[in-house]
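Q: Residue numbers (the numbering used here): 433 to 1491. Just so you know, even glycine gets a beta-carbon here, dropped at the ideal spot from N, CA and C.
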């Protein structure tokens, strides 16, 4: 039996056919169910599960899957080539054939290559050979004849190329499948084949069906076309119906029982394009919306969906949003729906080209090919490309580097690399970076000036450059320094690996299938850009369940309770541009007369009309149509003629109720009372307060603010902060709105304790100190937590290693390995992937073993110079004291103290204090300038500890040192007379202190501390005039709540100076 179920919208013909398949399965037969999209495959699989309890012996897939099964033996004998490989083959063919021809000016353009690829694909789907095209040439006008003559030659050469190298493409499989049907045993036990959801089938698939019918006449074949609208059926009748009737199918137009759906929606779906007025009474089942921006459009849809889920208990899985240009909407869907707590089924991957690391790598190639200034600035300012050793320096400033680049370009726009290096060398602020920057620029400059013979060599050089820059180490350093979070670290490592894989794949394709010697070098840049634009870096796995975000082409007869069709604008839905830009409308018509359908504008317009109709008919309860009045660039947009066709179905009385009033650009920030997230609730309340409007009850969150004390407190704090912000802007003087606590609210606590790190924080930024210490605000930052945990682990591991270790001059690898293995699991709560955790563990061992060996070398050197030993004695020692800093209670923890011993093992009274640091270390200048209190405070504490606990009278400090575990450097406060004994050669700090001046220095720093403690007790927590994090590679964790305003503070500083 060969039967077509041609039924109206909302018919349950699909269910009838599924039951026919189940009957075949019960009779011991197999069933094949052919569908055009993945989304409808899910729908059919669910129906099979519901009716049959499983999907065994039923294949639910598309024509391409069926063809691969038929050709499975053939595929093994050939090499399958991908879309990119086809383009590379065509590129080399086009270069030869199109030279000095009609297409000479565009032969190097990737868009032209893709169009040629598309043209050949269409011909093969129509079973038209190169010879067939040549035979048609006399039927065409002079221009089209010239075009097709060249294109047929390219097509012929392409087929010959594949034949010689035993290659096949996906369309070859489709062509071969029809020939191999009767030679394949796959169909032997098939009882039913269903072809469902198609509105047209191409020639190659039509022939496949014909071959199945001829070879297996006992198989029942059904076609389901549940898209009947008598006012718009010409396309379906001329396309799929006509083709199937020619194969001997019969039409069954019997009306099957109808899906339980809103009657107005049924009427609209079956009368669309009729021009009749059929909606004569008000209905809330349909709404026509408009928006001035994508964000407003998505937010409006989100509000409606939230109400449907909350009040009408609609399953999010039963809500679908159709949008033609999903990429334009994707980011807004994710951000807004996550904010509203609406589950959404969408691919959350981000385009590789949108990631800064990809843009920076792309700039390397652009700099080589175009020698452009913008690419050079990107390269010099890139945090991913610039050597990490430069960025670790606290003096490094990206802004200063960019300014220097711009100056260099203005001086000499041809040799700006040399000009930049001269500026850096002569700059007081940047000369520290000269050596490293020169090496970095030399690597880039050598790549730029190397002459490559072809694109293959250029690609190899490009990949070598990426390896030489060691970008992975830079990413790791950015993570270690807290500039990248854990998520960003993984994302950028993924991106880097994807970039390398993509470039290596492109290199392989060029070597294997291309003709690099004839490639246009500049076209390579466009190729790489297109490759980066097409690839997505996966993020979180898309929700399994949630609101469906679909392209209209995926609407194939499945049903949802609530349906949205967004962005229904002219030139978008329907699309008006040509599917293949090689041909104009006249060309398309002439080709159509010869049986070649190039997906012409008229043909695509008719398909879009049916798609729009199917989208409407997928709604069973409610339908929302939305168009935009403005593009994202502010240009005017026109609603689609499809919307106008829909509006004609509504009588004049109800149009005002169903069609919403125009929303203008200025209205997009107006907050209504149908808020769908707590952010919107607060925004609506604040908008009402500050614009002096009456705050009406919120629909979704009625009385939520009054009922929720926490929410009420948030609203109060935001409103209070807004008042403060207003007062800050009004004042040109430092006041209580700028960080001064008034005496009325200042709490004097005589038991207040301070630490050296507290004083360091206050000196750096009093406001940060106030948030962290006075208000005890702890902002969770994964990267900082990991960094603190690693630092704490290193301290504990070193204490365990040194403690009770009798052999302090030979590195005991086993002891360290055992300590790490025992304690390392404290660092992982299960959130760190095993492979990354293993790498972290090995890095810890390398860092700590390197540190211990460096420490052994330093102590051995001291022994050789002095004849006395420095023995690690005190570890992680906590202390409290009130004999210093004006009697204030000071507390802290000292990492390590080495005591000097004579040959008898007796303490001489001299000692060195060590404070471990993971990376950067400070020097004596920071102490003198009152920016670092740790080492001086520790000396005060150690003097008391040695006197009281070790009975050492008059202890003498010979060094107060920070010790970097990773960099193996020491710096701090060192005496002139002991420096040569503690440090080898010219290493060590350059700023030294005389023995007699050490106590004077400590007292000086103590007085600065007393001054700062006084300010703290008096409630002075103003922001500094110069933010320490501005132009710094390091981020402040309070950046999101800090109100630092460089220009406002500059004005205040001037005001203070004038006073």
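Can residue 1020 and residue 1034 be called in contact, C-beta distance under 9 Å?
A: Yes, they are a contact pair.
Q: Between which two residues does the beta strand (DSSP E) harbouring residue 1051 extend?
A: 1051-1060
Q: For residue 701, which residues of its own chain have a beta-carbon under 6 Å away from its beta-carbon, when the five flanking residues on both sides are left out?
A: The residues 441, 1048, 1049, in chain order, have a CB closer than 6 Å to that of residue 701 in the same chain once the five nearest residues on each side in sequence are set aside.
Q: What residues in its chain sit with their C-beta under 7 Å from that of residue 618, if we drop five residues either side in the sequence?
A: Apart from the 5 residues on each side of it in sequence, residue 618 sits with its Cβ closer than 7 Å to the Cβ of 501, 502 in its chain, given in chain order.
Q: What is the C-beta distance between residue 969 and residue 787, in whole angstroms, given that I count them as a contact (C-beta under 8 Å)?
A: 7 Å
Q: Apply the 10 Å Cβ neighbour rule to residue 923 and answer buried if 16 or more other Cβ atoms are within range, or exposed otherwise.
A: buried
Q: My assumption, with CB atoms under 8 Å, is that residue 1394 sits in contact with residue 1402. Please give the rounded CB distance.
A: 7 Å
Q: If I follow the unbroken alpha helix (DSSP H) through residue 438, where does it start and stop?
A: Unbroken run through residue 438 is the beta strand (DSSP E), 434-440; no alpha helix (DSSP H).
Q: Take residue 1355 and list the residues in its own chain whose beta-carbon comes closer than 7 Å to its own, dropping the five residues that flank it on each side.
A: Cβ neighbours of residue 1355 beyond the five flanking positions: 1403, 1404, 1421, 1423.
Q: Which two residues bound the contiguous alpha helix (DSSP H) that contains residue 965?
A: According to the DSSP assignment, residue 965 belongs to the alpha helix (DSSP H) that extends over 953-966.
Q: Three or more beta-carbon pairs under 8 Å between the stretch 685-692 and the stretch 723-733, yes or no?
A: no
Q: Below 8 Å, how does it come out for the stretch 923-938 and the stretch 755-766: are there three or more Cβ pairs, yes or no?
A: no
Q: Roughly how many angstroms separate the alpha carbons of residue 989 and residue 1046, rounded to a whole number?
A: 7 Å
Q: Below 8 Å on the Cβ atoms is my guess for residue 533 versus residue 565; work out the distance and round it to an integer in Å.
A: Not really, about 16 Å apart at Cβ, beyond 8 Å.
Q: Closer than 8 Å to a non-hydrogen atom of the ligand MN - does that hold for the CB of residue 671?
A: By its list of ligands, the structure shown contains no ligand whatsoever, and the ligand MN lies outside what it can speak to.
Q: Please determine, among 888, 485, 1095, the residue with the shortest C-alpha to C-alpha distance to residue 720.
A: 1095
Q: According to DSSP, is residue 404 helix, strand or coil?
A: Any question about residue 404 goes unanswered here, given that the chain covers just 433 to 1491.
Q: What are the boundary residues of the beta strand (DSSP E) that residue 1347 is part of?
A: 1339-1349
Q: Which residues share a DSSP beta bridge with residue 1407?
A: 1425
Q: Helix, strand or coil for residue 1301 per DSSP?
A: Strand.
Q: Counting only runs of 4+ residues fully inside the stretch 1220-1276, write out the alpha helix (DSSP H) ranges in chain order.
A: Within the stretch 1220-1276, complete alpha helix (DSSP H) segments of at least 4 residues are found at 1245-1255, given in chain order.
Q: Does the stretch 610-624 come within contact of the stretch 635-652, defined as at least 3 CB pairs closer than 8 Å?
A: As far as the Cβ criterion goes, the stretch 610-624 touches the stretch 635-652, which means the pair count is three or higher.
Q: Would residue 852 and residue 840 be called neighbours here (beta carbons separated by less than 9 Å)?
A: yes
Q: Let's see if you can read the secondary structure: which residues bound the beta strand (DSSP E) around residue 1393?
A: 1388-1396
Q: Where residue 452 and residue 1072 are concerned, what is the direct C-alpha to C-alpha distance, given to the nearest angstrom?
A: 40 Å
Q: With a threshold of 9 Å between beta-carbons, can residue 725 be considered close to chain C, or not?
A: Looking at the structure shown, chain C is missing, and only one protein chain is on hand.
Q: Since residue 791 is in the alpha helix (DSSP H), which residue starts that stretch and which ends it?
A: 788-802
Q: Taking the alpha carbon of residue 774 as the point to measure from, which residue in 794, 799, 740, 782 has its own alpha carbon closest?
A: 740
Q: Taking the continuous alpha helix (DSSP H) assigned at residue 695, which residues delimit it?
A: 695-703
Q: State the beta-bridge partners of residue 1324 as determined by DSSP.
A: 1311
Q: What separation, rounded to the nearest whole angstrom, lies between the Cα atoms of residue 1382 and residue 1300?
A: 19 Å
Q: Under the DSSP definition of a beta bridge, which residues are partnered with residue 654?
A: For residue 654, which the question treats as bridged, DSSP gives the partners 435, 626.
Q: Would you kindly work out how many angstroms separate the C-alpha atoms of residue 965 and residue 908, rounded to a whole number?
A: 25 Å
Q: From which residue to which residue does the beta strand (DSSP E) around residue 996 run?
A: Unbroken beta strand (DSSP E) run through residue 996: 992-998.
Q: Would you list the one or two residues that DSSP bridges to residue 472?
A: For residue 472, DSSP assigns no beta-bridge partner whatsoever.
Q: Give the secondary structure of residue 848 by DSSP, where H, G and I count as helix, E and B as strand, and everything else as coil.
A: helix
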